[in-house]
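Residue numbering for the sequence shown follows our numbering, beginning at 3 and increasing consecutively. Let me begin by presenting the structure, written as structure tokens, before commenting on it.
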Amino acid sequence: MKILVVNAGSSSLKYQLIDMETEKVLAKGGCERIGIDGSVLKAKGNGNEKVYEKDMPNHKVAIELVLHALRDDGIGVIKSMDEIGAVGHRVVASGEYFKKTTLVTPEVLKTLEEKTFELAPLHNPAAATGLRACMEVMPKTPMALVFDSGFHQTMPEKAYLYGIDYDDYKTYGVRKYGAHGTSHKFVSAEAAKYLGKKPESLKIVTCHLGNGSSISAVDGGKCIDTSMGFTPLAGVLMGTRSGDIDASAVEFLARKKGLSHPDTVTYLNKKCGVAGISGVSSDFRDLEAGVKEGNERCKLALDMFGYQTKKFVGAYAAAMGGLDCIVFTAGIGENTPSVRADVCEGLEFLGVKIDLKANEAKNDGSIRDLSAKGSKVKVLVIPTNEELVIARETAELL
Ligand code: ADP
């Protein structure tokens, strides 16, 4: 069976067509600037690439163009749309309305649109738009929703609750949901496979470090805690997000800066993190270049990121009562040796020891073992593959 994976943003739509027998990507690409001037689809298939510069006023036109590209001369990989067995849609927030990957029915669509938008106002409406567009263009094809928070649904109540009035949690659903679940799920399972162990026997901390970063404790194959919270603003400081901050400091900042509540949250999401600390950039490559030029604030931003990430690793080792493996993944986790070294430095007491030379080796897209000889804890770099998890879950559901 072939599964189409769709990741719709407010003005973008990324896709992959995956053959589930081989788990190979047959075609992939993305539409940019949907609803804006100059919209474009960059599509790959059959080892070729094609750029479609075509007006895409909405997601429906975008998905029609994607389906055309999948059958087009040169890059086409299917003859008919009937070859697509199902579509898996990435959805950021599920709240408590959906516990796992869910087949779309009219009722599911209603819940998605009426209940979850306010949990992820930037992401979930875009996903629903992409979903509706697909349903219109491919009315007979089954659609599945795969949630970023799905893998974190196994967290116990003591881990996901905030210390607020319990009735308010019940009434408003204010609790920790987590994010990047498909990535944490994928790399923790890959780690077990690589180590030749059963997932049930392993205590793993997975560090998904990218523009957005989250750290998870995976005990026996199940997530028991994660650093992101009610929204992806929580946890370690990120590219432009503040990470955890005292709620009173938020109110104080709002008052001093004369910002409304929503504007303050926008400030914490867009103007803070390593970009705010360094005053230079949210991109870790720019921060490293800054450090080389002697920029103290770039160094401070990187020091804070390493320190905060390390604290989560330690906390999760304590939560699990042990640690067998640390996994680094995503843009920074896969490509930035200095961050990995900062996180692991000082964790020798837990049995973590990395081989600094192996840590410096270039990312070749394979799984890499950074553990030094005699390290009790395995330290791995594993390229993430969120699309494959979405495709697998969609196929399993069918
Ligand atoms: P997201 O998917 O959350 O947008 P990524 O996982 O792509 O983010 O991570 C982006 C971060 O990874 C940036 O801060 C970037 O500096 C860092 N990075 C470092 N080296 C590389 C590289 N070679 N390729 C891509 N990203 C890199």
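Glycine residues also receive a C-beta, built at the ideal position from the N, C-alpha and C atoms.
Heavy atom of the ligand ADP within 6 Å of residue i beta-carbon
i	result
Asn361	no
Asp167	no
Phe286	yes
Thr184	no
Ile384	no
Ile334	yes
Gly175	no
Thr338	yes
Asn297	no
Gly278	no
Gly212	yes
7 Å Cβ cutoff met for residue i and residue j
i	j	result
Val27	His91	no
Ala10	Thr396	no
Gly175	His154	no
Asp21	Lys4	yes
His210	Ala332	yes
Thr184	Val391	yes
Ser41	Ser96	no
Ile77	Lys52	yes
Gly324	Lys205	yes
Gly212	Ile334	yes
Ala321	Asp248	no
Leu352	Ala319	yes
Ser80	Leu72	Here residue 80 turns out to be Ile, not Ser, going by the sequence shown. Contact flag set, yes.
Gly214	Ser284	no
Neighbourhood of residue i by C-beta distance below 8 Å, restricted to the same chain and skipping five residues each side
i	result
Ile356	Arg342, Ala343, Cys346, Leu372, Ser373, Ala374, Ser377, Val381
Asn297	Ser280, Val282
Neighbourhood of residue i by C-beta, 7 Å cutoff - its chain only, sequence neighbours within 5 removed
i	result
Val354	Ile328, Cys346, Ser377, Val379, Val381
Leu302	Ile279
Pro401	A question about residue 401 goes unanswered here, because the residues of the chain that appear run from 3 up to 400.
Asp167	none
Ser262	none
Contact set for residue i: own chain, Cβ-Cβ below 6 Å, skip 5 residues either direction
i	result
Gln2	Residue 2 lies beyond the residue range present for the chain, which begins at 3 and ends at 400; the question has no answer from this structure.
Leu312	Note that residue 312 is Lys in the sequence shown here, rather than Leu. Excluding sequence neighbours, Lys312 sits near Val345.
Val139	Ile65, Glu66
Leu255	none
Phe314	Ile217, Ser229
Val110	Thr104
His125	Val94
Leu121	Ala95, Gly97
Closest Cα partner of residue i within the set the options
i	options	result
Ala363	Asn337, Leu255, Leu349	Asn337
Leu399	Ala122, Val148, Leu204	Val148
Val252	Thr242, Met240, Asp265	Asp265
Thr156	Arg134, Ile392, Glu98, Gly324	Glu98
Met306	Tyr318, Leu325, Phe286	Phe286
Lys178	Ala256, Gly241, Asp246	Asp246
Arg272	Ala249, Asp326, Leu239	Checking the displayed sequence, the identity of residue 272 turns out to be Lys instead of Arg. Residue Leu239 is the option with its Cα nearest to Lys272.
Thr143	Glu120, Glu85, Ile226	Glu85
Asn365	Ile384, Glu350, Phe351, Gly348	Ile384
Arg243	Phe254, Thr268, Phe232, Lys258	Thr268
Phe232	Val139, Val94, Lys259	Val94
Ser14	Thr24, Pro59, Lys52	Pro59
Gly222	Ala236, Glu202, Lys81	Glu202
His182	Tyr168, Arg134, Ala236	Ala236
Thr1	Lys200, Pro234, Cys225	Nothing about residue 1 can be reported from this structure: the residues present for the chain run from 3 to 400 only.
Pro127	Leu105, His61, His70, Ile80	His61
Ala64	Ser82, Lys81, Ile38	Ile38
Gln310	Thr386, Lys258, Met230, Leu255	Met230
Leu137	Thr107, Cys274, Val315	For clarity, residue 137 is Met in the given sequence; the question names Leu instead. The option with the nearest alpha carbon to Met137 is Thr107.
Thr386	Arg394, Gly367, Ala393	Gly367
Ala393	Ser12, Asp326, Leu105, Cys274	Leu105
Ala317	Val276, Met83, Leu349	Leu349
Lys200	Asp326, Glu23, Thr24	Asp326
Asp57	Val276, Met83, Ile36	Ile36
Pro234	Pro141, Leu304, Asp169, Leu270	Leu270
Lys16	Ala129, Phe330, Lys258	Ala129
Pro123	Arg299, Ser250, Met83, Ser12	Ser12
Proximity test, Cβ basis, 7 Å: residue i and chain C
i	result
Asp326	Absent from the structure: chain C. Only one protein chain is present.
TODO: Assess, as a yes-or-no matter, whether the stretch 276-294 is touched by the stretch 194-207 under the definition of 3 or more beta carbon pairs within less than 8 Å.
DONE: Not touching, per the Cβ criterion.
Task: Cβ contact (3+ pairs, closer than 8 Å) linking the stretch 184-191 and the stretch 211-231 - done: Because the criterion of three Cβ pairs below 8 Å is met, the stretch 184-191 and the stretch 211-231 touch.
Task: Three CB pairs or more closer than 8 Å across the stretch 155-169 and the stretch 40-57 - done: In short, these stretches do not touch, since the Cβ pair count stays below three.
TODO: Report yes or no: do the stretch 107-119 and the stretch 32-41 share at least 3 C-beta pairs separated by less than 8 Å?
DONE: Because the criterion of three Cβ pairs below 8 Å is not met, the stretch 107-119 and the stretch 32-41 do not touch.
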